[in-house]
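Numbering (this note's numbering), first residue to last: 88 to 574.
One structure is given here, and the rest of the page talks about it.
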Ligand code: GLN
């Protein structure tokens, strides 16, 4: 393998700055790797030899410092890219070439990054395994018989499989953190509102947030810094007022680290290998000077139930726009407009998307609205209050990222509820809008035996304290010294 593929983005940037490496050579190494990939991680790739120049910064944006110096970046196919097909993993958007670029992607370009490819994903970001893509599943580079997690599985597999130095994805209930955990990389979901959602194909707008998938915590900070900030095209974007510091911390001295009993390795359904890795992580936290404190998150275990009302409700409304008139696929019928809508949606959407549209429409229907949607919103508030109360007693909270290591392809496709439980630990932070990061904490043997697979540790802090979160993650990352390469 080309040794350039082993460099983290920050390491490559240092070499480029020192004049030891050309940005084009680094880009080409990745374009060649992406062209020859066998994981089905990409839906579109830059042709080798055709690295596009980074776009010019928007006039008056004050951006364009160029500190990403031609870095290649892989982008989940949920982000609109001008003139480049954007499918959201769905047949219904096949052939859709957006007339504009999402703000997050545009900002990376303004900072000097260049688009390497668009990554495969669960259709409309609904899923935890990337098996819901209309373009076939993505394979986990650690074991190709297993899933990479989802829905940003293409981005995670590309980064872990050395097909991209880094990538961006989106997280609605865990879609950055869970695939990062299953692929042995770093995945950050920022505070809701930290990064503009403009140009991100909407799934559940009150939860969707863009974020980085990277080899290490420093790279995650670099991408967050380049993307975050207010955008007048997204009224829910506020940016991180304090800015984003690059992490430097090497210990956890004086930090109170919260662990909630029902929301830790003691929770039901956590695999033994994940539980052991989590317990070792707690010991490492103490060795680094952190004080492990028990906290209570009494409503967090209801997160999945609330999420699977709220997210489908919002999705059913957001996905109403795919009607065969404005975007992508159209399937005509003999009997006029309504039949065209029906045929287009019947052919264009996959089974999981249809399930969510039906669930969401039902939950919002008159007579049931209060019983389902209204109640789910109240649970959401309780969960946010739990975190606020817990953060009076601790600086950060840790949990396993996923109850399991990467599972085999097909293992959960027949049982949606089993699939939904993949997000048990990640959904509450999404509902509360707070930032959370998954970092690789070690390797564990899967329940049925076989080669060891990565296990992630999730850290979460109060809204807009990303610099603190990244600092703590950086200290732990150094202590774990995870060997981040699949064989
Ligand atoms: N797996 C969850 C779902 O299917 C979360 C997906 C996401 O974060 N986009 O909804």
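Ideal placement from N, C-alpha and C gives every residue a C-beta, glycine not left out.
Helix, strand or coil at residue i [DSSP, three-state]
i           : result
residue 315 : coil
residue 527 : strand
residue 456 : helix
residue 481 : coil
residue 127 : coil
residue 182 : coil
residue 558 : helix
residue 88  : coil
residue 299 : strand
residue 132 : strand
residue 371 : helix
residue 307 : helix
residue 399 : helix
residue 506 : helix
residue 426 : helix
residue 468 : helix
residue 266 : helix
residue 551 : coil
residue 391 : helix
residue 573 : coil
residue 207 : coil
residue 190 : helix
Residue i versus residue j - alpha carbon distance
i           : j           : result
residue 306 : residue 418 : 44 Å
residue 238 : residue 335 : 30 Å
residue 315 : residue 327 : 7 Å
residue 453 : residue 447 : 12 Å
residue 512 : residue 490 : 8 Å
residue 388 : residue 350 : 7 Å
residue 295 : residue 198 : 23 Å
residue 392 : residue 371 : 33 Å
residue 200 : residue 346 : 38 Å
residue 120 : residue 137 : 14 Å
residue 498 : residue 535 : 12 Å
residue 331 : residue 281 : 11 Å
residue 397 : residue 368 : 33 Å
residue 460 : residue 394 : 10 Å
residue 365 : residue 337 : 20 Å
residue 108 : residue 265 : 33 Å
residue 287 : residue 574 : 34 Å
residue 289 : residue 548 : 25 Å
residue 249 : residue 486 : 27 Å
residue 568 : residue 93  : 16 Å
residue 445 : residue 403 : 7 Å
residue 257 : residue 423 : 37 Å
residue 309 : residue 354 : 34 Å
residue 171 : residue 205 : 9 Å
residue 244 : residue 339 : 30 Å
residue 317 : residue 235 : 32 Å
residue 527 : residue 495 : 20 Å
residue 323 : residue 88  : 43 Å
residue 271 : residue 570 : 9 Å
Whole-angstrom C-beta distance between residue j and residue i, which should lie under 8 Å
i           : j           : result
residue 213 : residue 165 : That belief does not hold up - the Cβ atoms of residue 213 and residue 165 are roughly 11 Å apart, past 8 Å.
residue 253 : residue 300 : 7 Å
residue 278 : residue 520 : 6 Å
residue 202 : residue 246 : With a Cβ gap of about 15 Å, residue 202 and residue 246 do not count as contacting.
residue 508 : residue 356 : 6 Å
residue 343 : residue 380 : 5 Å
residue 216 : residue 506 : 7 Å
residue 211 : residue 176 : 7 Å
residue 420 : residue 430 : 5 Å
Local Cβ density within 10 Å of residue i, reported as buried at 16 or more and exposed below that
i           : result
residue 100 : buried
residue 516 : buried
residue 468 : exposed
residue 502 : exposed
residue 557 : buried
residue 575 : It is not possible to answer for residue 575, since the shown part of the chain is limited to 88 through 574.
residue 187 : exposed
residue 319 : exposed
residue 129 : buried
residue 158 : buried
residue 329 : exposed
residue 525 : buried
residue 538 : exposed
residue 304 : buried
residue 425 : exposed
residue 555 : buried
Is the number of C-beta pairs between the region 403-419 and the region 363-378 that are closer than 8 Å three or more?
No, because fewer than three Cβ pairs between the region 403-419 and the region 363-378 fall closer than 8 Å, the two stretches do not touch.
Check whether the region 219-231 touches the region 475-486, taking contact to mean three or more Cβ pairs, one atom from each stretch, closer than 8 Å.
no
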